[in-house]
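Undergrad: Residue numbers (the working numbering), protein chains in the order written: chain A, 15 to 335; chain B, 15 to 335; chain C, 15 to 335; chain D, 15 to 335.
Built from N, CA and C at the ideal position, the CB exists for glycine as well.
Handing you this structure, nothing more for now.
Next up, the structure:
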């Protein structure tokens, strides 16, 4: 199975405390170089616009080609300063229009670079305080914004990455079910979910259950892997904490026949990103191999009886032999 | 506005530690007496079967009539020992059939007692461990069970009360959006949501947003009030902790034109239930009065600009004058 | 290494929904029989008083002897109806005195049955609402109650099992550090902590760090194992969710030279308790064996550099070979 | 009562998504100007070093004097890139020495500017993954680092601001009790706690209880106010969500005789900081006035009986008249 990674894994990470960054500034090109140097990735998820206006699409393509990297998706940066108060739901129609414009541009870039889909991560579309927004309006704009872009490009696939919160304390695209319901209401066929294992965990979902639901509705566009403490999007390396749930997630992907590349979404604040990627992929490889050891008939029998203990014994045997 | 309460508020409460109960055993009839003695309720939510086979529907009706209490809803006890491993999703078809049977019986009782709707709280339909169930199967049975009952009684309304967890660590009917999506898939018109403010809080929703969504889809059946620490269904008295969110919830109900009675869902483990009900209703009355002080045009303007600070100032003024 | 279990693992479990119990009523004697039938336990943690006044200490001893079971600890039931509003901190001095009296009785029973220590789990000592108690008073009574009992029996060891909440929404003995600080203030030498892995997890501690701290201060009395989703005391089987943290916990115990038996604290609501115990012990045995594979020098080097990735690789290798 | 604010409230805020900042870059001097322009502050909490090496202490003093601002505390920036892997606990002794050096420098600056105390917020001292650090070593270095600085300046007061997590997933100075225990072990008299209401909330403490504990031990150095959703350090405006707990906190401060200025710790990502400060102070003024309406004898009686309902009624009356 092939793997991809978000280009941000290799970029400079800042937060509100280390405002000088956890490492030096890194250009889009250098980040692609770094992604290539892992020797393990077939593609990347690229934030658009590029890190500097001096960089052209051809420069990006050249860097990708050098390492044989495919563009899995283009992700417009609808969460930077301009969109701090919202992208598709910003109170100012000019900013909403700018978000749509950036989305269209991203579609063009995606076409030029041969990306599989365009990803929206509407991390500023939401609110922070009670009474701050009109919820019906927020929903309407969320659906019209993305729905409108998708309707204009019926040949392109779009994926929405939901998350409960951060940077807003409440995001509109919050959970798998809330997002699937909103996508149903959009009335377009070419929009689905990007299901991030970590987002699912801290949204109090069971990731394998959310995966099953999204796939069943034909709305699964992409899958991202990482780990966290169930309360925040820590973006730790894969398997650092939730080995059983990661195993179940990989097993479920396999049973659903999902054969698209799996993506890594890590924030290695204090770690070497190349090593973080390699270690995460080693863990995924290992757990996928263990998932294949699961005795399907026996597992199905345990599940048919909702037998938690039998299921845990089967898991323990598959993991530890 | 009229108020109702769950009959359990007045019953004996047990938990896994005080297995001898936080007070003495109380019959359905005595609990109705207690509800009536509050002098503040127009109706009750009754668990069925009654506390003892010796009690007949006529006894219940007599007790209700004595206090002028209406039956807001009948709630079948699909969470007791027989259904510990599931009601509509129990692995054993005989138990699933028993759940359906109890649901039909509850419809008959609801008809006889003139209840407004039949409520399902499928608190045992879910799982506790990863790998324990087949998620697609769990969903299928959940929808078929309730959907089948609803299709058989097209003249009756049904409400599903969702909750993230407890007593299972994961419930199928977990959030507002997950439940609305599942109800859409059922293909029946007479099923909707019972939105419990506290369940919404600890499902990491904003209750007023969930309310807006359910109402907009024509799926709001009933509303329950209580409070908690956002992590568990503590069922504290109304307004004990979340005054601003409760205000927003009541304001939203008012704006949506919701004029059905509001229900209390309290577990006064160590408190007098009559006093807990009166105090909660006093707080609701007070906050409804404060909600009516909100200057609608000014609030709409603040919201139109997503102006959190202006909105908080408006709230502070309405609350504190 | 030897293992013990709480006798409640084998008893009838109730909760506020399945008030008729997840299984039939089970006497202290029958629960001991059940514990013995696991074939894997060297001892038990016994709640006192026994399930019925008809049962005498000699009956208990006979049942224990039959299965070669040791009494690891006596745990007075200071959380049942009488103590619903507090045991050592109840507002009524008569109830506080009753808690002390029951504690003294438990010491006598512990002496008679040869228990290693007396355990307090003050699950009703706390509060539920803001403004409900005088915090300084709550602290004073908590310390005086347990401290007074301990001072009266300087030859006996006492362990306090802390927990963040449940059944109160806030417990006084909440975290490892809060409890260690309070024990320091008690001024007695014979009181320490019972560290429950699950309680530590959902108190937002790292269990291995809490263990290190308690041991370093000479205050570690006993250790209990289980698992949960980090938000509530789910008491799932060992290793069901947190394999890495359980491994770290067992490794830390080993490095600290802890050779007392490890105790299981499970609530197998819907599972066979004998099987739940055997499976949990199999997992512990397996993880203890994997912990011994950890290359100590290499791990120390990774830790000396705070090298998270190296540490995770070492863990992965020890777990999966 | 006087009020202060962290200077960061008025600075540029970045996060890992809006890496171009939620507003333009702002110098220390401009931030002081902004603080002064609120017209409501008596002092500030200043991060050191200043925003640029071109700014001298005299420039800072001049800006402060212009607005009559006092320096409440100097907070060394032991959380920027250099200290990303730790300050007092960094694995490299050279970096640990640099943290100590910056602390000493901060003491000198504090002396020159007449600050009341020096604040440590060791947000990088902790870890992110299980097995990453030696917990005993982490504790030793944490205590030696701060304890050593404090011992060198016995005439200066030091305050430690604890927080459960962020930016590390686990911080050493995590809760009030853990920090008080560690301070006890330091063996110095001039170190105490800076208790942030929001940090206390999301550490699952009750802020008023933590306050009582710290004050009782003579370890309360300063108090900061803000609000959040109990899961993360959202730094919302005061009273936005937790009116009752804020009231209890202010009431407790009053009863303890705390007359030092109260500090604001806000991150107004999308709001005007001047307005956010004014609104927060208006809320504090209002709630302090309401706190003074609490009938002390009646409240004491309710508390003496742990009467939650009576206490809530008293609170409702004080708040709403």
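Does the Cβ of residue 241 of chain B have 16 or more other Cβ atoms within 10 Å, making it buried, or fewer, making it exposed?
TA: Flag for residue 241 of chain B reads buried.
Undergrad: Looking at chain C, is there any beta carbon in it that lies within less than 7 Å of the beta carbon of residue 293 of chain A?
TA: True, the Cβ-Cβ gap to chain C drops below 7 Å.
Undergrad: Closer than 8 Å by beta-carbon distance: list the chain B residues that pair up with residue 250 of chain C, in chain order.
TA: Correct list: 142, 143 and 183.
Undergrad: Quick one: is residue 39 of chain C near chain D, going by C-beta distance under 7 Å?
TA: Not closer than 7 Å to any Cβ of chain D, the Cβ of residue 39 of chain C fails to qualify, so no.
Undergrad: What residues in its chain sit with their C-beta under 7 Å from that of residue 253 of chain D, if we drop five residues either side in the sequence?
TA: 241, 260, 297 and 301.
Undergrad: Identify each residue in the region 316-334 of chain B for which the Cβ-Cβ distance to at least one residue of chain D is less than 7 Å, and report them in chain order.
TA: Answer in chain order: 322, 323, 326, 327, 330 and 334.
Undergrad: Taking the beta strand (DSSP E) that residue 134 of chain D belongs to, which residues open and close that run?
TA: Segment 131-134, the beta strand (DSSP E) holding residue 134 of chain D.
Undergrad: Should the region 242-249 of chain A be called in touch with the region 266-275 of chain A, which here means at least 3 C-beta pairs below 8 Å?
TA: No, they do not touch.
Undergrad: What did DSSP end up calling residue 213 of chain C once you bin it into helix, strand or coil?
TA: It is helical.
Undergrad: Of all the options B:24, B:42, B:196 and B:47, which has the alpha carbon lying nearest to the alpha carbon of residue 36 of chain B?
TA: Among B:24, B:42, B:196 and B:47, the Cα nearest to that of residue 36 of chain B is on B:24.
Undergrad: Could you compute how far the alpha carbon of residue 93 of chain A sits from the alpha carbon of residue 52 of chain B?
TA: Going by the C-alpha atoms only, they are around 52 Å apart.
Undergrad: Taking residue 18 of chain D as part of the beta strand (DSSP E), name the residues at either end of that continuous run.
TA: Counting along the chain, the beta strand (DSSP E) containing residue 18 of chain D begins and ends at 17-20.
Undergrad: Skipping 5 residues on each side, what residues in its chain have a beta carbon closer than 7 Å to that of residue 309 of chain D?
TA: Taken in chain order, the residues that qualify are 328.
Undergrad: Alpha carbon to alpha carbon, how far is residue 19 of chain D from residue 212 of chain D? Give it in angstroms, no decimals.
TA: C-alpha separation (whole angstroms): 15 Å.
Undergrad: With a CB to CB cut of under 7 Å and the five nearest residues on each side skipped, what residues in its chain are close to residue 47 of chain C?
TA: Excluding residues within five positions, the ones whose Cβ falls inside 7 Å are 77.
Undergrad: Report yes or no: is there a C-beta of chain B within less than 7 Å of the C-beta of residue 244 of chain D?
TA: Interface residue, yes.
Undergrad: Would you call the region 158-174 of chain C in contact with the region 186-205 of chain C, where contact means no fewer than 3 C-beta pairs closer than 8 Å?
TA: They touch, by the three-pair rule.
Undergrad: Cα separation between residue 124 of chain D and residue 59 of chain D?
TA: Going from the Cα of residue 124 of chain D to the Cα of residue 59 of chain D covers about 11 Å.
Undergrad: Can you tell me which of A:55, A:29 and A:33 puts its alpha carbon nearest to the alpha carbon of residue 288 of chain A?
TA: For residue 288 of chain A, the nearest C-alpha among the options comes from A:55.
Undergrad: Pull out every residue of the region 16-41 of chain C whose Cβ sits closer than 7 Å to any Cβ of chain B, in chain order.
TA: Result list: 27, 28, 29, 30, 31, 32, 33, 34, 35 and 36.
Undergrad: Check whether the Cβ of residue 137 of chain C lies closer than 7 Å to any Cβ atom in chain B.
TA: Yes, its Cβ sits closer than 7 Å to a Cβ of chain B.
Undergrad: Which residues in the same chain as residue 284 of chain D place their Cβ atom closer than 7 Å to its Cβ, once the five residues preceding and following it in sequence are excluded?
TA: The answer, listed in chain order, is 36.
Undergrad: Can you give me the start and stop residues for the alpha helix (DSSP H) that residue 287 of chain D sits inside?
TA: Start and end: 287-306.
Undergrad: What does DSSP give as the partner residues of residue 60 of chain D in its beta bridges?
TA: Paired residue(s): D:88.
Undergrad: Among C:157, C:154, C:115 and C:209, which has the Cα closest to the Cα of residue 224 of chain C?
TA: It is C:209 whose Cα lies nearest to the Cα of residue 224 of chain C.
Undergrad: Is the CB of residue 289 of chain C under 7 Å away from at least one CB in chain D?
TA: No, because no Cβ of chain D sits closer than 7 Å to the Cβ of residue 289 of chain C.
Undergrad: Within the continuous beta strand (DSSP E) that includes residue 238 of chain B, where are the two ends?
TA: Start and end: 234-239.
Undergrad: Kindly identify the DSSP beta-bridge partner or partners of residue 172 of chain C.
TA: According to DSSP, residue 172 of chain C bridges with C:132 and C:205.
Undergrad: Which two residues bound the contiguous beta strand (DSSP E) that contains residue 277 of chain D?
TA: Taken as a continuous stretch (DSSP letters only), the beta strand (DSSP E) holding residue 277 of chain D covers 276-278.
Undergrad: Using a Cβ cut-off of 7 Å, pull out every chain B residue sitting near residue 297 of chain D, in sequence order please.
TA: Going along chain B in sequence order, the residues near residue 297 of chain D (Cβ under 7 Å) are 330.
Undergrad: Going along chain A, which residues have a C-beta under 9 Å from residue 98 of chain C?
TA: None at all; the shortest Cβ gap to chain A is about 30 Å.
Undergrad: Under the assumption that residue 295 of chain B contacts residue 17 of chain B (Cβ atoms under 8 Å), give the Cβ distance between them as a whole number of angstroms.
TA: Correct: roughly 6 Å between the Cβ atoms.
Undergrad: Nearest chain C C-beta to residue 131 of chain B closer than 7 Å, yes or no?
TA: By this cut-off, residue 131 of chain B is not an interface position.
Undergrad: In angstroms, rounded to a whole number, what distance separates the CA positions of residue 99 of chain B and residue 15 of chain B?
TA: So the two alpha carbons sit approximately 39 Å from each other.
Undergrad: Would you report the Cα separation of residue 268 of chain D and residue 305 of chain D, rounded to the nearest angstrom?
TA: Distance between the alpha carbons of residue 268 of chain D and residue 305 of chain D: 9 Å.
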